[in-house]
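What follows is one structure encoded as structure tokens, with my remarks underneath.
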Amino acid sequence: MSLEIQQVTRYYGQQKALDNVSFSLKKGELAGFLGPNGAGKTTLMKIITGFLPPSEGEILINGIPMQIDSVELKREIGYLPENNPLYNDLYVAEYLDTAARFYRLRNIREKVREMIGLTGLEPEQHKKIGALSKGYRQRVGLAQALIHQPSVLILDEPTSGLDPNQVEEIRNLITGISEEKTVLLSSHILREIETICNRVVIINKGRVVADSDISELRDISLIQSQQVFAEFDRQVSSTAFSAIEGIHEFRQEGKGWLFTAIPGKDLRPALFRFAVDSRLTLLTLTERRQDLEDIFQQLTKG
């Protein structure tokens, strides 16, 4: 079970939407796919799922090249698009039955029951889709994407518009599913990617600008300057900080101060000495590491 994108380029007329994009995912990887609007995410997902051909390069599913007419290979892909188009006048089980027949599956009733159980649709299975909440509609979309047991799953904004409880339920569902599949999840909710994904791919202006495990990406310092948050037991005049060696800039943040160091400097010893010399008690002294939002903005702005 694998997904390989090899030097994929896509033109729309003279406009280059994707520029030599390459990365690969294997079984058990849940990868976040990030990029600003217009970066090429939707175009690449359409190419992966066989809706669009690449202008150059190729997509391999389990080592086999994808073609527009690769009907059998498309069976290995499950796709939940962002707008999740559903037939509102069909009942849940009826819709999943129809989806199963599109794939010419055997034991359709058994498959439908399995998907209803897997996605937690039991309480709503006898309702029409149009009567379901947004959370349950997303579950129906996931069920149809999974009913043919694909090895690769493409999810586009699967928790968009859900309330916090529904978001948690769908995240848990996706995490469980990903253990046996290759999953590419596109989302604008960076905290979601940071929470459930073990890998992240970021594209900007059609090019891959980051491809790394989440844990490794957190260790990358793109700013190349340390940031330290300090909170003291009493109010301190900002003019006092000018004497601290190594500070590039600082600003008040809540009840404390956020200090940015001159590149290559560690501010923590200097701030500790400052507190001792000023007879202050340090309530907090922590190095602030960049989160995914910081890294995303630095890679995609400008």
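If you're matching positions, the sequence shown starts at 3 in this note's numbering and goes up one per residue. For glycine and all other residues, C-beta sits at the position ideal for the given N, C-alpha and C. Values in this document were obtained by computation on a predicted structure and should not be read as measured data.
Are the CB atoms of residue j and residue i within a distance shorter than 7 Å?
i, j, result
"Gly-248", "Ala-272", "yes"
"Asn-22", "Gln-8", "no"
"Phe-231", "Gly-266", "no"
"Leu-123", "Arg-139", "no"
"Gly-163", "Leu-82", "no"
"Phe-252", "Leu-282", "no"
"Leu-62", "Glu-6", "yes"
"Thr-184", "Leu-27", "yes"
"Leu-301", "Ile-216", "no"
"Gly-208", "Lys-48", "no"
Quick one: using the 10 Å Cβ neighbour count with 16 as the cut-off for buried, is residue i buried or exposed?
i, result
"Glu-126", "buried"
"Phe-261", "buried"
"Val-154", "buried"
"Glu-295", "exposed"
"Gly-34", "buried"
"Asn-206", "buried"
"Thr-51", "buried"
"His-150", "buried"
"Leu-285", "exposed"
"Phe-104", "exposed"
"Phe-298", "buried"
"Glu-78", "buried"
"Gly-80", "buried"
"Ile-172", "buried"
"Ser-1", "Only positions 3 to 304 of the chain appear in the structure, and residue 1 is not among them; the question remains open."
"Ile-156", "buried"
For residue i, which of helix, strand or coil comes out of DSSP?
i, result
"Leu-24", "The question names Leu, but residue 24 in the sequence shown is Ser. Three-state result, Ser-24: strand."
"Arg-290", "coil"
"Tyr-138", "helix"
"Val-238", "coil"
"Lys-188", "Note that residue 188 is Ser in the sequence shown here, rather than Lys. Looking at Ser-188 - three-state DSSP - the assignment turns out to be strand."
"Asn-206", "strand"
"Leu-120", "helix"
"Leu-224", "Note on Leu-224: pLDDT 49, under 50, position unreliable in the model; the coordinate value appears next. If DSSP states are grouped into helix, strand and coil, Leu-224 belongs with coil."
"Glu-96", "helix"
"Thr-302", "helix"
"Asp-213", "strand"
"Glu-159", "coil"
"Arg-281", "coil"
"Phe-274", "helix"
"Leu-82", "strand"
"Glu-171", "helix"
"Ala-41", "coil"
"Gln-146", "helix"
"Thr-51", "coil"
"Leu-75", "helix"
Assuming residue i and residue j make a contact with CB atoms under 8 Å, what is their CB distance in whole Å?
i, j, result
"Leu-187", "Pro-160", "7 Å"
"Ala-95", "Gln-146", "No, Ala-95 and Gln-146 are not in contact; Cβ-Cβ is about 12 Å, not under 8 Å."
"Glu-175", "Thr-241", "Note on identity: in this sequence residue 175 is Leu, with Glu being the wrong assignment. Not really, about 54 Å apart at Cβ, beyond 8 Å."
"Thr-11", "Ser-72", "About 20 Å separates the two Cβ atoms, so there is no contact after all."
"Met-117", "Leu-98", "6 Å"
"Asn-90", "Gly-132", "3 Å"
"Tyr-93", "Lys-129", "7 Å"
"Gln-228", "Asp-293", "So it is not a contact: roughly 15 Å between Cβ atoms."
"Asp-158", "Glu-84", "4 Å"
"Ile-66", "Leu-54", "About 18 Å; that fails the 8 Å criterion."
"Arg-275", "Glu-289", "The pair is not a contact, with the Cβ atoms about 17 Å apart (cut-off 8 Å)."
Given 8 Å, three or more beta-carbon pairs between the region 26-43 and the region 112-124
no
With a cut-off of 8 Å, do at least 3 Cβ pairs link the region 171-185 to the region 195-203?
yes
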